[in-house]
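Student:
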Amino acid sequence: MPSRKFADGEVVMGRWPGSVLYYEVQVTSYDDVAHLYTVKYKDGTELALKESDIRSQSSFKHRKSQSSSSSPSRRSSSRSRSRSRSPGRPARGRRRSASQSREHKEDKKKTIQEASLALPVLVLFKPSENNTKRYNGEPESTEKNDTSCIVLEQKLKPDLEVKRVLEQYSLRSRKDDKKKEEIYSEKKTFVAVKPIEKVPTKTKELEFGGRIGTFMMIFFLPATVLYLLLMCKQDDPSLLNFPPLPALESLWEGKAFGIFVLWFVLQAVFYLLPIGKVVEGLPLSNGRRLQYRINGFYAFILTAAVVGVLLYFEFELHYLYDHFMQFAVSAAVFSLALSVYLYVRSLKAPEEELAPGGNSGYFTYDFFIGHELNPRIGSFDLKYFCELRPGLIGWVVINLAMLLAEMKIHNLSVPSLSMILVNSFQLLYVVDALWNEEAVLTTMDITHDGFGFMLAFGDLVWVPFVYSLQAFYLVGHPTTITWPVAAAITVLNCVGYYIFRSANSQKNNFRRNPADPKLANLKFIPTATGKGLLVTGWWGFVRHPNYLGDIIMALAWSLPCGFTHILPYFYVIYFICLLVHREARDEHHCKQKYGLAWERYCQRVPYRIFPYIY
Ligand code: NDP
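For reference, each letter of the sequence shown is one residue, going 1 to 614 in the UniProt record's numbering.
(1) Quick one: residues in its chain with C-beta nearer than 6 Å to the C-beta of Ile-275, no 5 flanking neighbours on either side, listed in chain order?
(2) Tell whether a beta-carbon distance below 8 Å holds between Val-261 and Phe-334.
(3) For Cys-590, is the beta carbon positioned less than 7 Å from some heavy atom of the ligand NDP?
(4) Ignoring anything shorter than 3 residues or poking outside the segment 229 to 301, list the beta strand (DSSP E) runs there in chain order.
(5) Just verifying my parser: in three-state terms, what is the DSSP assignment at Tyr-612?
(6) Would you decide whether Leu-240 is buried or exposed? Buried here means 16 or more other CB atoms lie within 10 Å of its CB.
(7) Within 10 Å of its beta-carbon, does Ala-597 have 16 or more other beta-carbons around it, so buried, or fewer, so exposed?
(8) Would you mind working out which of Cys-602, Gly-595 and Ser-285 sits nearest Glu-46, comparing C-alpha positions?
(9) Tell me whether His-581, by its Cβ, gets closer than 7 Å to a heavy atom of the ligand NDP.
(10) Let's see if you can read the secondary structure: which residues bound the alpha helix (DSSP H) around Gly-476?
(11) Report yes if the CB atom of Ile-446 is closer than 8 Å to the CB atom of Tyr-384, and no otherwise.
(12) Please work out which residues of its chain come closer than 7 Å, Cβ to Cβ, to Phe-563, disregarding the five sequence neighbours upstream and downstream, and give them in chain order.
(13) Have a look at Trp-539 and Lys-5 and give me their C-alpha separation to the nearest angstrom.
(14) Is the Cβ-Cβ distance between Pro-568 and Tyr-473 less than 8 Å?
(15) Roughly how many angstroms lie between the CA atoms of residue 655 and Gly-254, to the nearest whole one?
(16) Does the beta carbon of Trp-395 fall short of 7 Å from some heavy atom of the ligand NDP?
(17) Quick one: give me the first and last residue of the beta strand (DSSP E) that Thr-38 is part of.
(18) For Val-535, which three-state DSSP category applies?
(19) If Phe-541 and Leu-533 are in contact, beta carbons under 8 Å, what's the gap, nearest whole angstrom?
(20) Take His-318 as the anchor and find which of Arg-604, Leu-290, Leu-272 and Asn-399 has the nearest alpha-carbon.
(21) For Ser-468, which residues of its own chain have a beta-carbon under 6 Å away from its beta-carbon, when the five flanking residues on both sides are left out?
(22) Should Phe-300 and Val-431 be called a contact, given that it needs their Cβ atoms to be closer than 8 Å?
(23) Among Ile-259, Glu-280, Ser-29 and Ser-56, which has the Cα closest to the Cα of Glu-205?
(24) What are the boundary residues of the beta strand (DSSP E) that Glu-587 is part of?
(25) Rounded to the nearest angstrom, what separates Arg-211 and Gly-450 at their Cα positions?
(26) Under 7 Å: does the beta carbon of Leu-534 sit that close to some heavy atom of the ligand NDP?
(27) Should Arg-543 be listed as close to the ligand NDP, given that the test is whether its C-beta is under 7 Å from any heavy atom?
(28) If the criterion is Cβ atoms closer than 8 Å, does the pair Gln-267 and Ile-393 meet it?
(29) Whose C-beta lies closer than 7 Å to the C-beta of Leu-428 among residues of the same chain, with five residues either side of it excluded?
(30) Run the proximity test for Thr-443: is its beta-carbon closer than 7 Å to any non-hydrogen atom belonging to the ligand NDP?
(31) Residues in the same chain with beta-carbon distance under 6 Å from Phe-257, minus the five sequence neighbours each way, listed in chain order, please.
(32) Could you give the residue range of the alpha helix (DSSP H) that holds Pro-526?
(33) Could you tell me if Asn-423 is buried or exposed, where buried requires 16 or more neighbouring beta carbons within 10 angstroms of its beta carbon?
(34) Pick out whichever of Leu-579, Leu-578, Val-580 and Arg-543 has its Cα sitting closest to the Cα of Arg-600.
(35) Whose CA, out of Asn-436, Ala-337, Ala-405 and Asn-286, lies closest to the CA of Leu-373?
(36) Should Phe-510 be counted as a contact of the ligand NDP given a C-beta to heavy atom distance under 7 Å?
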């Protein structure tokens with residue numbers, strides 16, 4: 001096996017894929033399996049390149065000095081292509097005359113124009129479907145242009161540099177470009193670029209506090225669930241009124257575990273039913289696309305029918321309330337066992353199927369984040385299944401159980417207004433997620449994180465048992481609200497939902513079809529990956545309008561519980577922390593994906609989630 005030629009950290013010249021342009025890049029890692037180097041461009045963009053697309057700086061200078069292009073235009077500009085003759089690097093001991101300087105400026109202008117025209121045209125030549133997800137090569141037609149490499153000036157004025165890179169990312173002809181300051185391109189010229197994806201390499205940047213942080217989270221998360229549920233059971237759930245630790249045996253009940261497993265199997269059966277359309281996910285690093293059945297909403301309807309039948313036959317659903325802690329422990333044990341299974345099987349998974357985010361080589365970290373990206377048993381996708389089915393639908397069933405428990409315990413003929421609001425708002429949220437199930441395929445959870453403890457515990461324990469905290473709280477702590485208050489809270493939830501839904505739909509529709517006439521009024525910044533970044537509409541308001549809507553809804557879910565205790569506000573507090581952290585993670589990924597275009601977007605849309613605040 002040939003050894004790698006360039007070391008990590010080495011500064012070399014990397015060819016911009018699909019073009020004849022070479023830029024100064026830094027090698028950040030090397031994939032022994034795919035034989036690809038991950039390199040970082042000066043604008044922050046990271047790409048995977050073949051060795052043949054990388055040159056050492058010294059050999060590159062040598063080549064340039066001998067350049068013997070027959071093209072007159074190339075000959076005339078060859079001087080300006082040499083870094084050693086750039087204004088930033090004048091030849092030692094020589095002073096340029098005014099005419100030389102003028103000539104040089106002309107050359108420089110020409111180089112910039114040539115560069116900004118060259119890339120778009122060449123990118124359009126990139127027809128191979130196999131290349132769609134890796135920038136590891138380029139069209140054959142440009143392969144032979146190796147000897148006519150162009151080096152751009154490295155010391156351009158910063159604003160000129162920004163403009164030039166942005167213009168390169170766009171496929172507009174500069175000739176037609178009347179407004180030079182305008183950075184938003186026409187959609188029709190934009191869609192021809194193929195997206196860039198990196199091949200999975202070792203995860204270098206560890207999140208969640210790295211190995212120690214993730215190790216602690218494995219204990220901290222279950223402990224938090226236990227604490228919250230114990231607190232909620234207390235008559236006085238004040239923060240300082242710490243609950244006594246329960247006896248271990250009281251936390252476990254075989255029947256509860258059996259019911260939980262039955263529930264999981266039932267949802268799996270619904271998932272396997274051949275109803276609902278089958279769609280393709282985003283392309284993987286190997287160019288393959290996995291197929292997913294979209295039938296979450298049908299699963300919900302079928303579950304509702306099953307629960308209806310159970311209630312008809314007088315099954316005591318409030319059993320769930322009575323044994324809530326045991327159910328939570330059962331789910332935690334199940335998710336832990338699932339995580340162990342997922343990690344063990346991931347050890348045999350091919351390198352290309354490992355998660356970009358969970359392939360650090362450290363056991364604790366990979367176990368927590370998830371080592372394998374899309375673990376499947378046949379066509380049964382474990383992560384996709386767990387994301388929206390057992391936990392999310394389970395949350396609604398738990399809420400219903402709490403509603404029935406409230407009626408039974410407090411001898412009510414109808415549930416309290418607070419309980420109705422909490423149940424309705426959260427039902428809307430879950431139904432919305434299931435109705436728009438396809439959107440989950442583009443989320444970080446599916447495309448970046450593996451399936452490990454974080455998602456297994458999150459999906460199966462955290463979502464159903466922590467998100468239902470308000471309903472659980474209301475059973476033990478009845479809260480009366482007036483109709484006007486209820487109306488105000490409902491309006492708040494509707495506003496949140498409207499922002500959340502329209503922002504998500506706007507982005508999803510734009511991602512699916514940027515040329516959609518319904519989105520014609522929206523402007524976007526083109527990026528090197530071929531995807532655009534919306535800068536008007538919701539995504540021009542703040543950088544994560546969907547998080548804003550989600551947080552407003554979270555507040556509306558807590559308000560029906562009154563202001564006596566902070567416990568029912570745990571969700572909104574935690575959720576703000578979660579989304580602020582998630583936003584930072586996403587920001588980091590987007591910066592890597594889009595480089596300078598992302599920075600430009602951030603300048604244009606300065607606030608992340610809360611306008612004028614954050
Ligand atoms: P988002 O839906 O916020 O998507 C982020 C991605 O959108 C980015 O990675 C980028 O991906 C794309 N993007 C960013 N800016 C722009 C732009 N200006 N124009 C176009 N595309 C852009 O990701 P999440 O998965 O975090 O959230 C999805 C939904 O789920 C949200 O509504 C969130 O509130 C909710 N959620 C709920 C949770 C809960 O527990 N209830 C937990 C987490 C999320 P690319 O460019 O690659 O397309």
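No residue lacks a Cβ here, since even glycine has one placed at the ideal position from N, Cα and C.
Tutor: Quick look at the numbers:
(1) Within the sequence shown, the letter at position 275 stands for residue 275. Taken in chain order, the residues that qualify are Asn-295 and Tyr-298.
(2) Indexing the sequence shown from 1 puts residue 261 at position 261. Indexing the sequence shown from 1 puts residue 334 at position 334. Their beta carbons are under 8 Å apart, which means Val-261 touches Phe-334 by this criterion.
(3) Here the question's residue 590 lines up with position 590 in the sequence shown. Result yes, Cβ under 7 Å from the ligand NDP.
(4) 277 to 280 and 291 to 294
(5) As a position in the sequence shown, residue 612 is number 612, starting the count at 1. The answer is coil: DSSP assigns Tyr-612 none of H, G, I, E or B.
(6) In the sequence shown, the residue the question calls residue 240 occupies position 240. Result: exposed.
(7) Your numbering for residue 597 matches position 597 in the sequence shown. It counts as buried.
(8) The residue given as residue 46 occupies position 46 in the sequence shown. It is Gly-595.
(9) To locate residue 581, count along the sequence shown from 1; it is residue 581. Result no, Cβ not under 7 Å from the ligand NDP.
(10) Here the question's residue 476 lines up with position 476 in the sequence shown. Run containing Gly-476: 469 to 476, per the alpha helix (DSSP H) assignment.
(11) Here residue 446 refers to the residue found at position 446 when the sequence shown is read from its first residue. Here residue 384 refers to the residue found at position 384 when the sequence shown is read from its first residue. Result yes, Cβ atoms of Ile-446 and Tyr-384 sit closer than 8 Å.
(12) In the sequence shown, the residue the question calls residue 563 occupies position 563. There are no such residues.
(13) Taking the first residue of the sequence shown as position 1, residue 539 is located at position 539. Taking the first residue of the sequence shown as position 1, residue 5 is located at position 5. Rounded to whole angstroms, Trp-539 to Lys-5 spans 43 Å at the Cα level.
(14) As a position in the sequence shown, residue 568 is number 568, starting the count at 1. As a position in the sequence shown, residue 473 is number 473, starting the count at 1. The answer is yes: Cβ separation under 8 Å.
(15) Lying before the first or after the last residue shown, residue 655 is absent from the chain, which here runs from 1 to 614.
(16) As a working mapping, residue 395 is identified with position 395 in the sequence shown. No, the Cβ of Trp-395 stays beyond 7 Å of every heavy atom of the ligand NDP.
(17) As a working mapping, residue 38 is identified with position 38 in the sequence shown. Residues 36 to 41.
(18) Working through the sequence shown from its first residue, we reach residue 535 at position 535. Of the three classes helix, strand and coil, the one that applies to Val-535 here is coil, per DSSP.
(19) The sequence position of residue 541 within the sequence shown is 541, counting from 1. The sequence position of residue 533 within the sequence shown is 533, counting from 1. The pair is not a contact, with the Cβ atoms about 14 Å apart (cut-off 8 Å).
(20) Counting from one through the sequence shown, the residue named residue 318 turns up at place 318. It is Asn-399 whose Cα lies nearest to the Cα of His-318.
(21) Taking the first residue of the sequence shown as position 1, residue 468 is located at position 468. Within the same chain, Ser-468 has close Cβ partners Trp-395, Ile-398 and Asn-399.
(22) Walking along the sequence shown from the start, residue 300 turns up at place 300. Walking along the sequence shown from the start, residue 431 turns up at place 431. Yes; because the gap between Cβ atoms is below 8 Å, this pair is in contact.
(23) As a working note, residue 205 is residue 205 in the sequence shown. Of the listed residues, the one whose Cα sits closest to Glu-205 is Ser-29.
(24) Residue numbering aside, residue 587 sits at position 587 when the sequence shown is read from its first letter. Unbroken run through Glu-587 is the alpha helix (DSSP H), 570 to 594; no beta strand (DSSP E).
(25) Working through the sequence shown from its first residue, we reach residue 211 at position 211. Working through the sequence shown from its first residue, we reach residue 450 at position 450. Taking the straight line joining both Cα atoms gives about 16 Å.
(26) Reading the sequence shown from its first residue, position 534 is the one you call residue 534. Within the cutoff, so yes.
(27) Position 543 of the sequence shown, counted from the first residue, corresponds to residue 543. Yes.
(28) Translated into the one-based positions of the sequence shown, residue 267 becomes position 267. Translated into the one-based positions of the sequence shown, residue 393 becomes position 393. Contact: yes.
(29) For the purposes of this step, residue 428 is taken as the residue at position 428 of the sequence shown. Contacts found: Tyr-497.
(30) Taking the sequence shown and counting its residues from 1, the one referred to as residue 443 is at position 443. Yes, the ligand NDP has a heavy atom inside 7 Å of this Cβ.
(31) Locating residue 257 in the sequence shown gives position 257, where the first residue counts as 1. Closer than 6 Å at Cβ, skipping near neighbours: Ser-330.
(32) Walking along the sequence shown from the start, residue 526 turns up at place 526. Premise fails: Pro-526 lies in the beta strand (DSSP E), 524 to 526, not in any alpha helix (DSSP H).
(33) Indexing the sequence shown from 1 puts residue 423 at position 423. Looking at its Cβ environment, which holds 16 or more other Cβ atoms inside 10 Å, Asn-423 is buried.
(34) Position 600 of the sequence shown, counting from 1, holds the residue named residue 600. Answer by Cα proximity: Arg-543.
(35) Within the sequence shown, residue 373 is the residue found at index 373, counting from 1. Cα-wise, what sits closest to Leu-373 is Asn-286.
(36) In the sequence shown, residue 510 corresponds to position 510, counting from 1. Yes.
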